[in-house]
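Residue 120 in the working numbering is what sits at position 107 of the sequence shown, and the numbering runs on without skipping anything.
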Amino acid sequence: MPSEHHSTELVSRDGRKARGIKSGPSSGSKLFPVCSPPDAEEELMVLFSRIRQIRERPLFVLVSEFIDEEVCEEVYRWRKVLKAVAVNDDLDILIHSPGGDLTACYRTARLFSQYTNAWEALVPGYAASGATLICLGSCNIVLSDIA
């Protein structure tokens, strides 16, 4: 991850926001990534593409300053895409968050597990508290050297 602090959020075309960003095959979804600061978006997308190429697996990215019911609801909206891209049990979900509401985190982990047969959690920096709970729902947790 870049050394500067970047926040990313997923925004639907009608303006609803959930912190996080989805990267992966085009799904026809109404969601599109928004990055703050805007000049970091290209760098992050290149980084996400590189991770997908190296691991040869679809990648979803969940970056959140606080995982709450809104984030959980956004993950629920991803369910069809998650199910479609995880047909070969190969799916990575990059998680970077200090956590949040434990009930929402538990529900998010269950959603990932319900709509995919198997997934791996990638933790580049930190996944604390409730974000750790989400990672524990995966089949495997991959940590960076600094995680």
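Quick reminder that beta carbons are idealized off the backbone N, C-alpha and C, glycines included.
The structure displayed is predicted, hence computed values, not measured ones.
{"Item": "Backbone secondary structure at residue 157 - three-state DSSP", "Value": "coil"}
{"Item": "Residue 141 (DSSP reduced to helix, strand or coil)", "Value": "coil"}
{"Item": "Element boundaries [beta strand (DSSP E), containing residue 74]", "Value": "72-76"}
{"Item": "Neighbour-count burial assignment, residue 115, 16 or more Cβ in a 10 Å radius", "Value": "exposed"}
{"Item": "Proximity winner among 72, 125, 136 and 70, relative to residue 158 (alpha-carbon distances)", "Value": "136"}
{"Item": "Close beta carbons around residue 156, own chain, < 6 Å, minus the five adjacent residues each side", "Value": "136"}
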